[in-house]
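Here's the structure we're looking at; comments come further down.
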Amino acid sequence: MRILISLLAFCAGLWLAPAPLAAQEGGVQAILQQHREAVASGSRRGVEPAINALKASGLDQAREVLEVWQARELYQRAADGLFFFAAPEGDGFRLRDIDTGADAGFAAKAEMTQLRPSGGVRGLIGAALVAFRLLDPDPEDRRTALAALSRSPEAGHLEPLRDAVAAETDPALRRDMERLERALTISFDRDEAARIEAIGFFEGDTGLDARAALAPLVATTRGAAVSAPEGANIARILEPGDDLSEEEAWALLVEAGLAPARVTKADIRAALEANIEGGAAGGVPVRDLGSDAARERAYAALAAAGRAQPTVTDAEARAILDDHVFFERYAEPSPAITEAAEAALASITFRVGAMQAADLTLDALSLASIYFLAAIGLAITFGVMRVINMAHGEFIMMGAYTGYVVQLFVPDYTISILVALPLAFAVTFGAGVAMERLVIRWLYHRPLETLLATFGISIALQQLAKNVFGTQARPLTAPGWLDGALVFNDIVAISYIRIAIFVMALVFLALLVFVLNRTRLGLEVRAVTQNPGMAASMGIDPDRINMLTFGLGSGIAGVAGVAIGLFAQVTSELGQGYIVQSFMTVVVGGVGNIFGALAGATLIGFLQKGIEWFNPSNTLAAQTYMILFIILFIQFRPKGIIALKGRAAGD
Amino acid sequence: MQRSFIARNPSVLVFLAALALFTILVTILAEGAGAGVISTSFVKTLGKTLCLCLVAVAMDLVWGYCGILSLGHFAFFGLGGYMIGMWLMYARTEEIVLSANAGAALPMTPQELSDGIAAQIFGVVGGSELPWVWSFAHSLPLQLMLILLLPGLIALVFGWLAFRSRVAGVYLSILTQAMTLALSLWLFQNDSGLRGNNGLSGLQNIPGLAEVPQATLSLWFLWASAFALGGFYLLAAWVVSGKFGSVIRAIRDDEARVRFLGYSVEGYKLFVFTLTAMIAGIAGALYYPQAGIVNPAEIAPIASIYLAVWVAIGGRGRLWGAVLGAAAVSLVSSWFTSGQVPAVPLGFYTVEWTDWWLVLLGFGFVAVTLFAPNGLAGLVERIFIRGAK
Amino acid sequence: MSALLEVSGVTVTFDGFRAINDLSFEIGPAELRAVIGPNGAGKTTFMDIVTGKTKPDTGRVLWGEESRSLLRMSEAEIARAGVGRKFQRPTVFEDQSVFDNLLLALRKNRSPFGVLFYRRSAEDKARVEALAAEIGLADQLGRLAAELSHGQKQWLEIGMLLAQEPRLLLVDEPAAGMTPAEREHTTDLLVQAAKTRAVVVVEHDMEFVRRLDCKVTVLHEGRVLAEGSLDHVTRNQEVIDVYLGR
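Protein chains in written order, with my numbering: chain A, 1 to 651; chain B, 1001 to 1389; chain C, 2001 to 2246.
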């Protein structure tokens, strides 16, 4: 019943219909009339009881009146001192009753006085309004109000927020309100103990709002003085030369009016140029003024003649610096607060660091799985068969374009990816088998020439792709359910595509290990690679096995291409970006071993992300250092992480 | 006693004569000094081709004779270009800055001059100070030394590390490719101090020679390139003709066996690798003033593979084969990509050679590898030398 | 008589498999020795250790009068110290002439710069020709090594070894794939060589070993099973068991 009434009253407040129910005794008008003088004068102290009375009245029109008042649209009739909503009409106003909203006639301009609340009063009104909004029956409105509040927090919001917390029923909203209340307490509460308690609330909290609330407390400004200022909350004393450069220290002195600005080289030049007389300035011929020493000499002469500002010598400057104290001062005056804030921030920084490390680990894992996918085909063709296939990158590209073409025909992205994966395998398997039959098998005893021949194929395939698909990037769109990211908190997040690629890498690893170790084909592949002659004499056809192995490695490159195409631009140069890294992955990991590729990809992925962490702005430098590290690594472990030993290594 | 080196290697004399004839002929026909049949830009193309032939000779020495398939020699070539480019750019900008200051009231201090130059050179990458790598850029002799020293030093350190740990064959190729990639990535970044992907430009303007027309300059560079090619061809031929050549060819064919003969294989490889890196640096230093611009894309791993392709097409293990391959492929390449080759209409499709040339080159290269492992030189020998017998 | 090469207590393990197990071996400055043993006995690994290709896990390999350890030296240093090795498969440089092959092996300065400025003297030429005559290839000097027959390649390789003037010659199955006449020539070459230096011949072929007529060391499972004259070791029951299988 109560809800019904308040709902109806709410409707009245929105002017959907005049509401006679609300016209009860002692309406808003009555309250305002009680404080008429104060409301009209707009003095902050006098208005406060009026606003409080409105707030306390529980009247539904109170909110409307406050909003209008704050917007400077409330008018007072001079004749009787009553307050009205007024809308301009002709050369006067159309009045409405502030309790009922009913039309209250027309008034000439001269009859009405506009209420012009001062900034302070409007702040008070705003705070009162906040209370109304935070107590709004609709939780969505409360949430909006809270969000607005957190964007522009003010001291006056603290009280209504606390009331709202007490009244809140929605647990999630209540938690958010409490957080904001803690943050506002830190910023605006007058009681130091309460603030310190609130600071403690955020200890180890990785939320951005926590850091935003704490950061202003430990903000410092630099200053200079003859002696350390008494009573100031000094963060630390700075030593010129160690903590700040002498130039910076001098600038602080100049700012504090404790020393004159030093004469710069540009000043000297300007002064000399202004004082050239008869081919000389300051007694030094102009043609000799091409060195700093000569210019300083000339300037000194000018200064001595009183025609330029005298310079401060370096020795004098040092003496002046020595006579002053340089410090960093907290804006927050209370040492107890800054101390607590520093401690809380330190714990947050530690937690954030740990989280960033976790995030970095996820990034590195995802990079490693990309490298692994790109390299795993090579781990077979190069690692097992010792064939250098420079066109491997182009097989990746072919896979990606296959995915693109499939999407042209199959509009459903989920189905198209499911079709593209086996199709890409088939296409590149075919290409690989064709290449093995036509080119590579003639070159098994000339590995370096395989490198060159496959490079020829690589440039031809790249140009063919350019001729067919053009040079601009083609989209390969991931299905909708792979959009977005798995978000753990403000710091740790990973996109679903990367998770999918990680899973795919694992599936591939398992599949290949199964094929190579548990199937007849795998057995024959291992037999042929270890001793082709012996394998042949046991009835295995090495030609067939080589062909199938090469096809397998190429097919996997194609599937990897679809995966890579999902997050990279599909261009004819897609494969180029991966080829060198892929070879390094295989070599670093250890040739002849699927797990080698895994180890290599892991090492390279983590290494690259690790180096990027130290210098996040410069991924090119990170890649450079990573490659240099790999070159050094190979010096010390020429056979990679997982090395075959002894005679089997076949050195 | 041994007969003289030239007497044992008549082909060297033939080559030098042909080179001299070619250079004189081009000079006579050029715009700058003669009939004007050959345009200045084509003279530059020919001069650049000679430099490419020189780096191909280096590649042949290291790969064709010593068996090290280096995918890094074009990086050394590019480094040579960067080293000369730094001086060219610095000295040229110095002239510009000084002339801009000519009307000013005061002469410039060294600091002001260097700041002015830095602002000109590094404005594009948002820098205003000369990075430390430019410490020697003011001095031509020092930069000329760096053309030799920098590629040589990198090759020495890299080679020492790689050969010491017995990295050989395709592994070494991959490692050299990684080195090349690292170098080009490093140059690509703006704070490497070499203007990032803008590279160094305006290198065709030789400081102090502003009044010499490009037509004449192009001939000077043609001659310089020809002399360098001739000189290093002679050096390379001398190196490979004697016992040293015998040792490095033996290393190429069976490294372990040479080791058991008591030769320290690593030392020989290091010597050849470093020497050829220096030759590549010189070739680059002559090439880029003719090209006018050097940027990190030139150093990308693919360029070094192309170099290997030229040598393979020309014929490994024969110095003149490498020269032939580099000249033929690079000239034919620029002819096809220039758009001067008439398109082939097939009715349903028109073959534009600018689009299809790389396809042709790629498959052509596969064919050469499969059917003519000794390259063009092998074919030439089969036709002429067998025919003469 | 002090030993030229002394191998003692050497053990090599490949992935847990003991290829050489506490092996000890000694040879004097001018001695011919045959090493026999079944497959996998460790004969080739033994040569790898002496020439520096494989580093043992434990043990000592001492060389010469001053008893220098070979373990810390590279293959090339060991070769320069006077150990020559002939591989099972003939490895000559097929791309080069017989003359160049021999010249390459000639005992001379082997540093890169020394070789770069090397000029062939008349006496070097004479030395190469003398070697060629010794191995029966005097009229083949100008031919490419690739054009030689299998046996000729074996001799060329022995010639290259002799040109190195080693103090110890390690020869791996020199008679494999040779005609009877070629075998005879090979035997003569080795016996001749052993007059001035130590020669170790690893061989499968008992007939060939018998013809060498020298002390025999039998290896089995990486250690010395028996040592002595061929007749002596062939009477040894253990040796018989190993060769015939138990």
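Glycine is no exception: its CB is placed at the ideal position from the N, C-alpha and C atoms.
Just by C-beta distance, which residues in the segment 450 to 483 of chain A are closer than 9 Å to chain B? Thr450, Leu451, Leu452, Ala453, Thr454, Phe455, Gly456, Ile457, Ser458, Ile459, Ala460, Leu461, Gln462, Gln463, Leu464, Lys466, Asn467
Beta strand (DSSP E) runs contained entirely in the segment 212 to 295 of chain A, provided each spans 3 or more residues: 220 to 225, 234 to 238
Whole-angstrom distance between methionine 547(A) and isoleucine 540(A), CA atom to CA atom: 13 Å
Alanine 1215(B) touches chain C at which residues, Cβ-Cβ below 9 Å? Ordered by position in chain C, no residue passes the 9 Å Cβ test against alanine 1215(B), which lies about 42 Å from the chain.
Are glycine 1325(B) and alanine 1056(B) touching if we call contact CB-CB under 9 Å? yes
Assuming contact is defined by CB atoms lying nearer than 9 Å, are proline 153(A) and leucine 180(A) in contact in what I supplied? yes
What would DSSP say about phenylalanine 567(A), mapped onto helix, strand or coil? helix
Give every residue of the same chain whose Cβ lies closer than 6 Å to the Cβ of proline 2090(C), excluding the five residues on either side of it in the sequence, and list them in chain order. Lys2153, Gln2154, Glu2157
Let me see if you follow: with CB-CB separation under 9 Å, is glycine 1169(B) close to chain C or not? no
Chain-order list of residues whose beta-carbon lies under 7 Å from that of threonine 1354(B) (same chain, five-residue window excluded): Thr1337, Gly1339
Assign leucine 511(A) to one of two classes, buried (16 or more other C-beta atoms within 10 Å of its C-beta) or exposed (fewer than that). exposed
Just to confirm, is the Cβ distance from alanine 2138(C) to glutamate 2147(C) under 9 Å? no
State the DSSP-derived secondary structure class of alanine 1372(B), mapped to helix, strand or coil. coil
Exposure label - valine 1043(B); buried when at least 16 CB within 10 Å: buried
Alpha-carbon spacing of isoleucine 440(A) relative to valine 2061(C), whole angstroms: 45 Å
Would the beta-carbon of leucine 723(A) fall within 9 Å of that of glutamate 328(A)? Past the edges of chain A, shown from 1 to 651, lies residue 723(A), and the structure says nothing about it.
Touch check for the segment 473 to 485 of chain A and the segment 495 to 507 of chain A: three-plus C-beta pairs under 8 Å? yes
Could you tell me whether the segment 1068 to 1083 of chain B touches the segment 1151 to 1168 of chain B, where touching means 3 or more Cβ pairs closer than 8 Å? yes
Drop a sphere of 10 angstroms on the beta-carbon of tyrosine 2118(C), count the other beta-carbons inside from all chains shown, and report buried for 16 or more, exposed for fewer. buried
Count the other CB atoms within 10 Å of the CB of glutamate 255(A); is the residue buried (16 or more) or exposed (fewer)? exposed
For lysine 645(A), I'd like the list of residues in its chain whose CB is within less than 7 Å of its CB, leaving aside the five on either flank, ordered along the chain. With a pLDDT of only 47 at lysine 645(A), under the threshold of 50, the placement of this residue in the model should not be trusted; the figure read from the coordinates follows. Excluding positions up to five away in sequence, the list is empty.
Close Cβ partners of valine 130(A) (< 6 Å) along its chain, the five nearest in sequence each way excluded: His157, Pro160
By the three-class DSSP mapping on this structure, what secondary structure does asparagine 1197(B) have? helix
Near leucine 272(A), which residues of its chain fall below 7 Å by C-beta distance, leaving aside the five closest residues on each side in sequence? Ala281, Gly282, Leu289, Arg295, Ala298, Tyr299
Please classify threonine 428(A) as buried or exposed, where buried requires at least 16 neighbouring CB atoms within 10 angstroms. buried
By the three-class DSSP mapping on this structure, what secondary structure does glycine 105(A) have? strand
So, using beta-carbon positions, are alanine 1952(C) and arginine 2167(C) closer together than 9 Å? Because chain C is modelled from 2001 through 2246, residue 1952(C) falls outside the range shown and cannot be assessed.
Going along the chain, which unbroken runs of the beta strand (DSSP E) with 3 or more residues stay wholly within the segment 100 to 154 of chain A? 103 to 108, 112 to 114
For alanine 22(A), does the count of other Cβ atoms within 10 angstroms reach 16, so buried, or fall short, so exposed? Annotation note: pLDDT 38 at alanine 22(A) (below 50); position unreliable, no value reported.
Take leucine 1013(B) as the anchor and find which of Leu1234(B), Ser1246(B), Phe1244(B), Ala1256(B) has the nearest alpha-carbon. Leu1234(B)
Boundaries (first-last residue) of the alpha helix (DSSP H) holding tryptophan 1132(B): Premise fails: tryptophan 1132(B) is in no alpha helix (DSSP H) and is neither H nor E.
By how many angstroms is the C-alpha of asparagine 489(A) removed from the C-alpha of glutamate 339(A)? 27 Å
Quick check: is the beta carbon of methionine 2073(C) nearer than 9 Å to any beta carbon in chain B? no
If we cut at 9 Å on Cβ distances, does valine 1062(B) have a partner in chain D? The structure shown has no chain D; the protein chains it does contain are A, B and C.
May I ask which residues mark the beginning and end of the beta strand (DSSP E) holding proline 88(A)? 83 to 89
At a cut of 8 Å, does the segment 370 to 377 of chain A reach the segment 597 to 610 of chain A through at least three beta carbon pairs? yes
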